[in-house]
Structure formats: C-alpha cells, structure tokens
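Everything below concerns the one structure shown next.
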Amino acid sequence: MKNTFKKFAVIAMACMMVFALAACGGGGDSSSDSEGAGAGTLHIGGVGPLTGPAALYGTAVKNGAELAVKEINEANPDGVQIAWDMQDDEHDAEKSVNAYNKLVDDGMQVLVGTVTSAPCTAVAAEAYANRTFVLTPSASAAAVVEGNDNVYQLCFQDPQQGQIAADYIAENYPDAVVGAIYNNADNYSSGIYDAFKAEYETKGKTIAATEAFSDDANADFSAQLNSMKNAGVDFVFLPIYYTPASNIMKQASDMGYTPKYFGCDGFDGILALEGFDTSLAEGALLLTPFSADADDEATQAFVSAYQEAYGEKPIQFAADAYDCVYAVYNAFLETGLSTDASMEEICEALISQFNGGFSVKGLTASGEMKWESTGEVDKAPKIYLIQDGKYVEQ
Amino acid sequence: MAERLLKNISTRGLKKTAKKGMQYRKEAMISYAILFIGYAVLQIGAMTGIVGRNLQGQFVPICVYVSLAISLNLVVGISGELSLGHAGFMAVGAFTGIIVMRVLEQYITIVPVRLIIALLVAAFVASIAGFIIGIPILSLRGDYLAIVTLAFGEIVRNFMNVLHFALDDKGHLKFAFNHTIEGITNEQRIITGAIGATGVTKTATFTYAMLLTAFTLFIVLNLKNSKQGRAIMAIRDNRIAGESIGLDVKKYKLIAFVVSAALAGMAGCMFGQNYSTLAPVKFNFNTSVLILVFVVLGGIGNIWGGMIAAALLTILPEAFRQFADYRMLTYAIVLILVMICTYNPAIKARIQNIWKKINPLKRKKDEGKKDKKKKSGKEAE
Amino acid sequence: MSFLTNLISGLSLGSVYAIIALGYTMVYGISKMLNFAHGDVIMVGGYVSFILNMYVGMNGWLALLIAMVVCTVLGILIERLAYRPLRGTGSLAVLITAIGVSYFLQNSALLIWGANPRVFPSLFEGAKTIHAYNGQLSIAPASIFTIAANIVIMVILTLFVSKTKAGKAMRAVSEDNGAAQLMGINVNQSISLTFAIGSGLAAVAGVLMCSAYPILMPTTGAMPGIKAFTAAVFGGIGSIPGAMIGGLILGIIEIFSRAYISTELSDAIVFGCLIVVLLVKPTGLLGKKVHEKV
Numbered sequence: 103m104k105n106t107f108k109k110f111a112v113i114a115m116a117c118m119m120v121f122a123l124a125a126c127g128g129g130g131d132s133s134s135d136s137e138g139a140g141a142g143t144l145h146i147g148g149v150g151p152l153t154g155p156a157a158l159y160g161t162a163v164k165n166g167a168e169l170a171v172k173e174i175n176e177a178n179p180d181g182v183q184i185a186w187d188m189q190d191d192e193h194d195a196e197k198s199v200n201a202y203n204k205l206v207d208d209g210m211q212v213l214v215g216t217v218t219s220a221p222c223t224a225v226a227a228e229a230y231a232n233r234t235f236v237l238t239p240s241a242s243a244a245a246v247v248e249g250n251d252n253v254y255q256l257c258f259q260d261p262q263q264g265q266i267a268a269d270y271i272a273e274n275y276p277d278a279v280v281g282a283i284y285n286n287a288d289n290y291s292s293g294i295y296d297a298f299k300a301e302y303e304t305k306g307k308t309i310a311a312t313e314a315f316s317d318d319a320n321a322d323f324s325a326q327l328n329s330m331k332n333a334g335v336d337f338v339f340l341p342i343y344y345t346p347a348s349n350i351m352k353q354a355s356d357m358g359y360t361p362k363y364f365g366c367d368g369f370d371g372i373l374a375l376e377g378f379d380t381s382l383a384e385g386a387l388l389l390t391p392f393s394a395d396a397d398d399e400a401t402q403a404f405v406s407a408y409q410e411a412y413g414e415k416p417i418q419f420a421a422d423a424y425d426c427v428y429a430v431y432n433a434f435l436e437t438g439l440s441t442d443a444s445m446e447e448i449c450e451a452l453i454s455q456f457n458g459g460f461s462v463k464g465l466t467a468s469g470e471m472k473w474e475s476t477g478e479v480d481k482a483p484k485i486y487l488i489q490d491g492k493y494v495e496q
Numbered sequence: 003m004a005e006r007l008l009k010n011i012s013t014r015g016l017k018k019t020a021k022k023g024m025q026y027r028k029e030a031m032i033s034y035a036i037l038f039i040g041y042a043v044l045q046i047g048a049m050t051g052i053v054g055r056n057l058q059g060q061f062v063p064i065c066v067y068v069s070l071a072i073s074l075n076l077v078v079g080i081s082g083e084l085s086l087g088h089a090g091f092m093a094v095g096a097f098t099g100i101i102v103m104r105v106l107e108q109y110i111t112i113v114p115v116r117l118i119i120a121l122l123v124a125a126f127v128a129s130i131a132g133f134i135i136g137i138p139i140l141s142l143r144g145d146y147l148a149i150v151t152l153a154f155g156e157i158v159r160n161f162m163n164v165l166h167f168a169l170d171d172k173g174h175l176k177f178a179f180n181h182t183i184e185g186i187t188n189e190q191r192i193i194t195g196a197i198g199a200t201g202v203t204k205t206a207t208f209t210y211a212m213l214l215t216a217f218t219l220f221i222v223l224n225l226k227n228s229k230q231g232r233a234i235m236a237i238r239d240n241r242i243a244g245e246s247i248g249l250d251v252k253k254y255k256l257i258a259f260v261v262s263a264a265l266a267g268m269a270g271c272m273f274g275q276n277y278s279t280l281a282p283v284k285f286n287f288n289t290s291v292l293i294l295v296f297v298v299l300g301g302i303g304n305i306w307g308g309m310i311a312a313a314l315l316t317i318l319p320e321a322f323r324q325f326a327d328y329r330m331l332t333y334a335i336v337l338i339l340v341m342i343c344t345y346n347p348a349i350k351a352r353i354q355n356i357w358k359k360i361n362p363l364k365r366k367k368d369e370g371k372k373d374k375k376k377k378s379g380k381e382a383e
Numbered sequence: 002m003s004f005l006t007n008l009i010s011g012l013s014l015g016s017v018y019a020i021i022a023l024g025y026t027m028v029y030g031i032s033k034m035l036n037f038a039h040g041d042v043i044m045v046g047g048y049v050s051f052i053l054n055m056y057v058g059m060n061g062w063l064a065l066l067i068a069m070v071v072c073t074v075l076g077i078l079i080e081r082l083a084y085r086p087l088r089g090t091g092s093l094a095v096l097i098t099a100i101g102v103s104y105f106l107q108n109s110a111l112l113i114w115g116a117n118p119r120v121f122p123s124l125f126e127g128a129k130t131i132h133a134y135n136g137q138l139s140i141a142p143a144s145i146f147t148i149a150a151n152i153v154i155m156v157i158l159t160l161f162v163s164k165t166k167a168g169k170a171m172r173a174v175s176e177d178n179g180a181a182q183l184m185g186i187n188v189n190q191s192i193s194l195t196f197a198i199g200s201g202l203a204a205v206a207g208v209l210m211c212s213a214y215p216i217l218m219p220t221t222g223a224m225p226g227i228k229a230f231t232a233a234v235f236g237g238i239g240s241i242p243g244a245m246i247g248g249l250i251l252g253i254i255e256i257f258s259r260a261y262i263s264t265e266l267s268d269a270i271v272f273g274c275l276i277v278v279l280l281v282k283p284t285g286l287l288g289k290k291v292h293e294k295v
C-alpha cells in the first residue's frame, strides 16, 4: 500500500517537473508577436522585488516604468514602441539571476534594473558575461558597476551620497553634535554610513554616537535613541529608508527627544506615508534627487499621472524608473539601430552612447544627466528641507 | 525481564538488518539513478538548447539544494531530530569557501584543485560549528533542540553582518570585527559586513555541483548503511532501547549532526561560488525552513524523495512566473495542498484508489502483489 | 535614569512578545505543533484594525474588538482547513503546512493591501508621554498600557484555564488527548477554542505592537513571531506563566544588550542567552520535565 503511494508520488512529481520544465522553456514565444507597429518594438526588461519585505521599492519601479512606457507608446504610435516586462526577485540575488535569465529567454534587449543592490551586483556579473546593457534605477552600491563596462546607475552611489552629506553637514552645521543610526544588515545603509564617517572625519570632526539596527523596520529604537540623547546629539544622520526612519521619529518624539534629522534618498516618501504624522519630520533635511512636491512642470505632470493610475504619490524609486526608461529609449533612438538588433549589438551601441556624452533630462536631476565611463551618474545633488509638511529645495 | 527485552531487540534487529540491506540497495540505486538521469537529461537539454537560460541558471542551485536536502535528511530523517538552522552551516561554508578561493588565487591557478581545497576547508569549518552547536544536543530533545538550531542560524547571520575580511597588497589576509578595514581598496575587500562578499569569481559549474551532490549522497547513504548509521536509526526509533543495549546515544547523535553540518558547509561553498556576490541575509530563517520543507515534502528519511522535492520546489517558483502577481500565493497554496494530500490518511487513500482505477497496468500488478501477500499471510497462520 | 527608561522599554517590548508567545504556547500545549503562521495573524489583526480606523473612521478600541473577532475566525479557519487534516501525522508535517499558511497570509496581504507600508495610528493618540526627572525619564502611554494589558491577559487566561469547564477540558486534552476523548471531552472543540483564543490575542498583540512601533507591512509579523516563539521556549513551551516570563526576559535582554553592549549584535546576544538557558534548564524556565515511560 505504502509502496503504491510512493510510486504515485514519484509519478506525480515527475509530471509536475515536466510541467515546470515546459513552463520554463515555453516562455520564449511571447516575444516575437506584437511587431505590428511600423518601427518595431524594443523589449525592455525589469527585475525587482515585487513580493517580500522590499516589495514597496520594486512595485514603485514597476509603476514608474510602466507609466513611462505608456507615455512613450502613446506619443509615438508610428515610432519605436516599448514592450515592458518586469519579473519578481524577492530581493534575493539567486532569484534575481533567475529572473534575469527568464527575461533573456523571453527576448529582452535592454535591462532596466535591478532595483536593489545585492541582487543587482549578482545580475550585473551575469549581464557582463552575456552582454546585456543594464541601467539600474536604484541599485546604488559601488560594487554594482565595478568592473562591469555595461552597467550604469541612474541614482547616486552610496559612497557618493555619504560624502555629499558629510560635506554639507560640516559646512552648514559646523557646531552640530552629530550622531548616526544605520541599518547594519543592509548594504545601502552601511555603504553610505562608511563613506559618511570617513569623509566627516577627514574634515577633522567626530561622530558623537553611532548606533545600528538590523533590518527589522518595526524594531524598538529606544536604546539607540537613548544613546543619542545621552551623548548630547542634536543632529542625527539617518542613512536609512523612510519606513524605519518614520518609526525612529515617532519613538523619539514619544520620549521627548527632538533632534534635527538628515536623511538620504531613501528618505523620500516619508511625507506620503499613509498615516504618518508629518509634523514629526518637520525640519528634517534630505538629500534626494527627486521630490513629489517640486513645482516644475515635468514633475507635476508625472505626479498627477502617477496618482491617477495608482492612487498614491510616487516615491523616488518610481521617478528613477521613469527616467531610466526615457534614458534608454532616447539613447536607443540615437544609436540608429533597428529594433531587430540583438541584445549584444544594442549593448555595445548603448555603451558607446553613454560613454560618448549622451545626456538626458529627467525628473531626478535639476539639469541634464550624464554618465561617467565607470557607470556612475553625473548629476547635481539636491538637498531638501521638510517645511510645513512639504519638501522645500535648499 | 531485561534479558528478554534485549533478546527481543536483537532478534528483531537481525531481521530488520537483513531487510534493511535490501532496502538500502534499492534506495541507493534509485538515488543514484535520479542523479544520473537528471544530470544527463539536463545536460543534453542544455546542449541542444531545449532548456532555456532560466532553467540552466538554476542547475547549480538545484544541485546545492539537493545536497542540502540530503544532508539535512541525515539529521531530520535518519537521526530524528528537528533542525531549523541548516542555513547557518551553509553560510559558514559559503563564506569560508569564498575566503579560501580568494586567498589561494595567487598560489594555485588550477580551478578544480582550488575548489576542492575550498570545499574541504569549508566542510572542516562547518563541522567545527556543527560540533560546537552539537554539544547542546547532548541534553536537549525535540522542539527544544529545534529552537537551539534556529538560534544558532540567527547568531551566525548576525555575526556575518559584522565580519570584515580583506586581502592587502602583500597578499596577507586581514580581519576586522565590527568595523571596516582601513587602507584597503574596494577590489581588495573579500567580505564587507552586511554587504557580504563581492567580486567573487564564479567557478561553480553544473558538473562540479553534480559531483558534489553525488559525493554527499555517497557519504549519507554509506553512513546510513554502516554500523554507526544503524545505531543512529535504532536510537531514533527507541532511545531507551538503544541505551539499554549500550549504544552511546550522545556520540551517535553528534556524529549525524557534525557530518550533516560538514556536508551543508560544502554545499554552501558551492553555492557561494555560483554568484558574484553573496550577502548574509541570504542565510536567514526562511532558507533553513525551505531546506526543511524539501525533506518533509519528500518524505522524512526518504533520501531520494527529498532530492526530488528539492529540485521541484526550486523550479516551481520560476515556473509560476506566468502567474505574475499571484506567483508566491500560488506557491503557498500548492505547498499546503501537497502537504495535505501526501500526509492526510483519508485523502491519501482516495488518491490511491483513483490512481488504481485510471492505471490498469498498475492495478494488475498490485492485485498480483495482494494475492501473494494473502497467500504468505495464510501460510504464516 | 537611562537604566529605568531602558527597563521600561524592555518590559513594554517584552509584554508584546509575551502576548504573542501566549498564542504559541497554548497551541503547542494542546496540539504539540509549532504554529509558524501565528506571527502573520498578528499582521492581519493590525491591518484590519488599521483599515477600520482609517477608512471607516471607527474608534480605535472598537476597531481592535472587530480585529479580534476577525482574527479569531481566521484562526479557527486555519486550524480547520490546514491543520486538522494533518492531525496525528506527526508534528513536522503540520509545521511545514504552518509555514505554507504563513506564506499564504503574507502574500494575500500583499495582494489585498499592497506593498506600501502604513503608519499605524496609535491607540493612545491623545495621551501624553509622562516625563519625569527633568526629561531624563520618559514613559510612553503605550508602554504602560502594554505592560498592564499583558498582566491582565495573563491573569484572565490562568483563571480561565484552571477554573472554567472549557479551560479544564483544554488542559485535559493537552495532557492526554486519548483519555480526554474517553471522558467525553470534544477534542476538536477544545483545539478550535485554543486557536480562537490564541488568534484573538494575536490581534491584541498586533494592535499594541503597532501602537508602539507603528510600521505596518505584509511582513510585519515575521520577526516578532520568531522572537515570540523564542520567548515561549525560553519560558518553557506549553506553560502560560512561562510565556509571560519568557517574553519579559527576552524583551529586557534585547533592550539592555542594545543599550549597554552592542546594537549590531543584540539579536545574537538574545539567541545566545536562549541557548545558555536551555543548556542549564533543558525544558525552559518553567517547562515541565517530561518523564519517559517504558
């Protein structure tokens, strides 16, 4: 009896395996259709976390990119169209490589991704060997572009942000007693913090108190905040995402501790956080390339279109993705390649475009964005102050 | 009384051993066959281009997870203890392997040799970790043991977040705890705290990974069929009886645990060599649980069942990509349903009945078997 | 003074762990299974309460009550659909199913409520933080209430289990399932009741936790779930006062190790303490020693 069952189980499992294999292999057909439009279709793939704890970033990228794709396709009915496909990686390097491979199977020509740093580093190495052009909206670790000539970043690098922040604070708040709380289980956060510390110390200053936490956004921060308070810190540097930051601000205010906060680009979104008492963030400074409250025309149009489509204010990740799609699209048009070109051809052509002074305007830069041949973006940083529940550019 | 008990056990044991020998051969045959056929099919598929990049990219992780399932089966299935920290040993092996590979890069240029040394060192370090955490096993049982292994996994991950390794200009290995190493370029860093290892040269291939899986299988099957293995299983089935015939319970449990840890370390080392970067967060509680799911879904103690489950559950989330947003939800539902269908006695029986009805070939065979059983039963009466 | 502040934070955090741990411990006691989906029930409780409060405009306390009802029903449903079919097939099979249920709840929440985090409105919005000793000592109202709620829940549960008929039935089932059945106790009902109570408490824990640490995401329940499970084992799994003591000690160790040793390694210290306790007392602080019968 038991034996029969085992055999059944094996056969059932084998059937599932065949099904799984078929599903894996069969995906490739979907790419060749919908070539009806005159100038053909450029296949852009995206990879990012759509499930799991980092899902909010991946979802924002997905939405922002979809919006750009829709705009481009509607504006150029006779021009080059874009087919956009975004795959989930659960914020995991292994799954990210799988997602990338799946996209290559499906005929992707350019990758806009991946969203988070560690997975992007893994995918970048695969894409380097496989010759895919990669423009990441938000993977900001230095390791993402190191040694990969095909990978470019649209966001500031972590060390870059740490340096800018240190310089800004040292210059504008010379008397501040500075402390820092960072996420030591996150490479974005520790990357910024390390650079910040090094730069701030070369300015001849010291950080009065440093505390860390690991990943769990909903932790109790009272110990960290007490340590800040006891060290007399009145200026807290928070190179972390806005979710734990909002939690820190709430707990600090509960214990009657009200320092000045300074955040990086992960801070953006804090004012749009549903249920967050924005008065807690009053007076906070943040270094971000994008703000949903900026009053230029492009940003306003983007924000209202985004709100209409998804019912919420866009965070910086969405704007980054939006810019990425436009950058890739414009650069592709400038190469003069047809959409039938292979992934490898497009990769080489885009690399020479990006290295050859290609520039593009976007939501996340005040002027034009250019790229270094190392893959780093060259754009002016913006510092915002939160005043009356709005971002005010400094 | 005691004498009778002993006699009972030993005669029963003898009969069991004879039967077990047969079972062992069968189990080994099936396991190696799965491995060989799997390798052949996938390799041919890859060469002819039937198998896409997506699946090809999963060859090494599949092998790694299969190895992990085999090694965890040694603890959960054969030794009968619940372990929730297998990813911890995997982490130890992975990071050890990465460091060894980087350090040896300047001395040994032949990749396979370097990889073998890295695997051995990874196994050694992981087995030390296994030994240290294995000591509490001496006094703990059941779910309390499970929680200690869970705690161990979390501690390992927490420590990995503050470890820094780098190779300086002279080729010396530098180490720092809880602060970054000064005066080092980014390329010289091997492991940087939470960022983990970056710039790893990918050396793992499907063939190496498959050889590792075969090695793991060989070790576990042989251990299972050895004197020690039988002692471990006897203790699992009845600890008191085992003690009464003079088996050193603690020793045998520790053997199973340490061997399992060493094999997990090797699998982790192979995993680490398959990606250009590796962050400690990979080895969290979820990964430990995933490996346990393989073992339980494949049938606790059933080595080849665990192997198939590991391969399937690695591919399944990828195959579910067509469900887009509902991918992980589908995965969760499938997991629950499969568990209920394979373990609930009533549903199990019903499925078997349906299966028999739709499979005439099998039906005849089974009926033949039943007749035989009936006959033998009558003879015995 | 910072010692006292830290102590209160620790007690408050520990109380949250304790209330969650009660759910773990009761379910373990009666069905010998580790219900890893328990942490995600907390998340569901938090979301239900949030939605009622923000979108329906319901009073926070009323929302809490409805969240409790929803979670109770959810707990009974989970037990009925996912765990009962596997009763008696060994604890491992149920453990894996529980993990499946946990994935299911997390991903359903992601689909229903989206990935964006929400900031939970505190139950004690109007209440003021107490400041003493010139601002050196500050106590948040959420802390006081959480600690008090923990004690009240503990007392009520202990009385319920030892005095009422249903409670005694639960104890009988956890002691000896078969004998309880022979005595005419409805085992299914007792187990359902346990899940109902545990899940209702999970909703309370969810709301209290989110009042103190206000981020609400689909994965909010995962880490507190693991910590509370640790707390339950710490105190001796299956024991109600054990869960409370375990939770409180765990919370205090966590906060103190962050305050005085290292914020980077606080989790390692918490789990390290757990291992040490289990080495000294293999069945937890208040766990019963199981005598093996031949």
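Protein chains in written order, with the working numbering: chain P, 103 to 496; chain L, 3 to 383; chain E, 2 to 295.
Even glycine gets a Cβ: it sits at the ideal position worked out from N, Cα and C.
Endpoints, the alpha helix (DSSP H) within which residue i is located
i	result
phenylalanine 125 of chain E	No alpha helix (DSSP H) holds phenylalanine 125 of chain E; DSSP gives it neither H nor E.
Contact with chain L by residue i, beta-carbon distance below 8 Å
i	result
valine 102 of chain E	yes
threonine 50 of chain P	As shown, chain P starts at 103 and ends at 496. That puts residue 50 of chain P outside it, with no answer to give.
serine 93 of chain E	Sequence check: residue 93 of chain E is leucine here, not serine. Answer yes: the Cβ-Cβ gap between leucine 93 of chain E and chain L drops below 8 Å somewhere.
proline 283 of chain E	yes
proline 225 of chain E	no
aspartate 41 of chain E	no
Residue range of the beta strand (DSSP E) that includes residue i
i	result
serine 406 of chain P	Note, serine 406 of chain P: premise wrong, no beta strand (DSSP E); alpha helix (DSSP H) at 399-412.
aspartate 250 of chain L	Looking at the DSSP string, aspartate 250 of chain L is not in any beta strand (DSSP E), and its letter there is neither H nor E.
Cutoff 6 Å; reference residue i; Cβ partners in own chain excluding five residues on either side
i	result
leucine 123 of chain P	Residue confidence for leucine 123 of chain P is low, a pLDDT of 45 falling below 50, so the modelled location carries little weight; the figure read from the coordinates is stated next. Taken in chain order, the list of residues that qualify is empty.
threonine 289 of chain L	Ala89
Proximity test, Cβ basis, 8 Å: residue i and chain P
i	result
isoleucine 256 of chain E	yes
glutamine 60 of chain L	yes
valine 295 of chain E	Residue placement at valine 295 of chain E cannot be trusted, given a pLDDT of 49 that sits under 50; what the coordinates show is reported in the next sentence. Closer than 8 Å: no.
glutamate 80 of chain E	no
asparagine 7 of chain E	yes
Sequence-distant residues of the same chain with beta carbon closer than 7 Å to residue i, five excluded per side
i	result
serine 198 of chain P	Val149, Asp191, Thr216, Pro221, Ala224, Val225
glutamine 107 of chain E	Asp41, Pro219, Thr220
glutamate 470 of chain P	Ser461, Val462, Lys463
isoleucine 110 of chain L	Arg116
isoleucine 256 of chain E	Asn7, Ser10, Gly11, Leu14
lysine 352 of chain P	Leu382
Neighbouring residues, chain E, relative to residue i (Cβ below 7 Å)
i	result
leucine 375 of chain P	Pro118, Val120
serine 475 of chain P	Here the premise fails: no neighbours, minimum Cβ distance about 35 Å.
Neighbourhood of residue i by C-beta distance below 8 Å, restricted to the same chain and skipping five residues each side
i	result
arginine 259 of chain E	Ser267
leucine 8 of chain L	With a pLDDT of only 43 at leucine 8 of chain L, under 50, the local geometry of the prediction cannot be trusted, and the value read off the model is given with reservation. Contacts found: Ser246, Ile247.
Closer than 8 Å at the beta carbon, the chain E residues around residue i
i	result
phenylalanine 322 of chain L	The contacting residues do not exist; phenylalanine 322 of chain L stays about 12 Å from chain E at best.
Residue i: contacting residues in chain L (beta-carbon distance under 7 Å)
i	result
asparagine 108 of chain E	Met330, Leu331, Ala334
Within chain P, partners of residue i - CB distance below 7 Å
i	result
asparagine 36 of chain E	Ordered by position in chain P, no residue passes the 7 Å Cβ test against asparagine 36 of chain E, which lies about 21 Å from the chain.
* For the stretch 160-176 of chain P, enumerate the residues whose C-beta is nearer than 9 Å to any C-beta of chain E, in chain order. => Here the close residues are Gly160, Thr161, Ala162.
* Asked: When Cβ atoms are compared, which residues of the stretch 145-164 of chain L fall closer than 7 Å to chain E?
  -> Residues of the stretch 145-164 of chain L with a Cβ closer than 7 Å to any Cβ of chain E, in chain order: Asp145, Tyr146, Ile149, Val150, Ala153, Glu156, Ile157, Asn160, Phe161, Asn163, Val164.
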